[in-house]
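Okay, so the sequence shown: first residue is -14 according to our numbering, each after it adds one.
Every residue, glycine too, gets a C-beta built ideally from N, C-alpha and C.
Data block below; observations after.
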Amino acid sequence: MLAGDAGTYSIWLIILLSMGQLIGCSAPVRAPVVSRDHPPAQQRSARPSTYHVQRGDTLYSISWRFGIDYASLASWNGIRYPYTIYPGQKLRMAPTGRRWTVKNYPTKTPQTQVAAGSDKSVASDKTVSRSVSKGVSSSQDEEKISSISLKLQWLWPTKGSVVQRFVKGDPMRKGVKIEGRIGEPVNAAESGKVVYAGSGLIGYGRLVIIKHNKNYLSAYGYNKKIHVKEGDTVKKGIRIAEMGSDGNGKPVLHFEIRRNGAPVDPLKLLPRHP
């Protein structure tokens, strides 16, 4: 190759490389697709200083949404068991240092039912017993729930393989995802009281939250159908829902366990996977 030809070749090579870089820079970058129906379940909402109760909220669902211990939230607002709250009520979302007195609100229908527009397929199941029998006070019921041994004997909530594990401190991995089949039974991992059943918490689909004692709560998300109602007392191993799917159409159960409001690794509490 002659010297002149080599020079011309080098110039064209530089031009072609520059054009390639310009094309690469101008190529559109596609944003990840996120389902509006099922955004990441473990993503916690930023905690405001105050919160106005919405229709369908419960003290438990609010504390779960913002990652707060329900007992602390009740204490900050002077609310006693059975933690009845009302639409429009203003809640403080952090301690203030002052001692609160129990507030008296006008008689209204308490927010213990499923939110308007949420899962209308919620129904009682023959295997579910009612939380309070006649003549038993709410305080006695609370004492009964709290008296359950702290050494809970957990069961797997459904059949299937774990496809996503818990990662401490990761807001996207506060629980585990168990892959199975649509309609697969979802069972209570331990005995306790249903404190939330509905679809008012964005990112969980149809969700059930069970209180096992004063320290532990468990949650079951992405359900196709719920078979329990708020206030039901359920026994370990009883069917509470049917498996649904996440935002990508994959049949999974989102399962969380929280101790004093903080997520813990379910795999450290569950027995060896069957």
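Using DSSP with H/G/I as helix, E/B as strand and the rest coil, what is residue i?
| i | result |
| --- | --- |
| Ser203 | strand |
| Ser34 | coil |
| Pro251 | helix |
| Arg244 | strand |
| Arg50 | helix |
| Ala59 | helix |
| Leu137 | coil |
| His258 | coil |
| Asn89 | Annotation note: pLDDT 41 at Asn89 (below 50); position unreliable, coordinate value reported separately. Asn89 falls in the coil class under three-state DSSP. |
| Asp155 | coil |
| Ala16 | In this prediction, Ala16 has a pLDDT of 38, which is less than 50 and means its spatial position is unreliable; what the coordinates show is noted afterwards. Here Ala16 sits in coil by DSSP. |
Using CA coordinates, which residue listed in the options is at the minimum distance from residue i?
| i | options | result |
| --- | --- | --- |
| Ser184 | Tyr205, Gly168, Gly165, Lys196 | Tyr205 |
| Arg40 | Asn62, Ser34, Thr69, Gly165 | Thr69 |
| Ser203 | His239, Ile194, Val38 | Ile194 |
| Tyr181 | Thr81, Glu227, Tyr201, Asp217 | Asp217 |
| Pro170 | Lys253, Gly229, Ala31 | Gly229 |
| Arg150 | Lys253, His212, Asp42 | Lys253 |
| Ala226 | Ile211, Val148, Glu215 | Ile211 |
| Val152 | Ile242, Asp42, Arg257 | Ile242 |
| His258 | Lys214, Thr81, Val148 | Val148 |
| Tyr71 | Asp155, Asp42, Met157 | Asp42 |
| Ala31 | Arg65, Pro67, Ala79 | Ala79 |
| Asp155 | Ala59, Asp250, Pro256, Arg244 | Asp250 |
| Asn233 | Ile223, Lys214, Gly190, Pro256 | Gly190 |
| Pro67 | Pro256, Met157, Glu215 | Glu215 |
| Ala59 | Lys199, Leu186, Val213 | Lys199 |
My assumption, with CB atoms under 8 Å, is that residue i sits in contact with residue j. Please give the rounded CB distance.
| i | j | result |
| --- | --- | --- |
| Leu76 | Ile47 | 7 Å |
| Val179 | Val219 | 6 Å |
| Gly246 | Ser57 | 7 Å |
| Asp231 | Tyr207 | 5 Å |
| Gly168 | Lys209 | 6 Å |
| Gly63 | Val38 | In fact, because the Cβ distance is near 14 Å, the residues do not count as touching under 8 Å. |
| His197 | Leu238 | About 18 Å; that fails the 8 Å criterion. |
| Pro142 | Phe51 | Not a contact, Cβ separation roughly 24 Å. |
| Thr81 | Trp61 | 7 Å |
Within this structure, are the beta carbons of residue i and residue j separated by less than 8 Å?
| i | j | result |
| --- | --- | --- |
| Gly188 | Ile163 | no |
| Lys159 | Pro248 | yes |
| Tyr45 | Tyr55 | yes |
| Glu175 | Lys235 | no |
| Leu140 | Asn172 | yes |
Uninterrupted alpha helix (DSSP H) stretches inside the region 176 to 221 (no shorter than 4 residues): none
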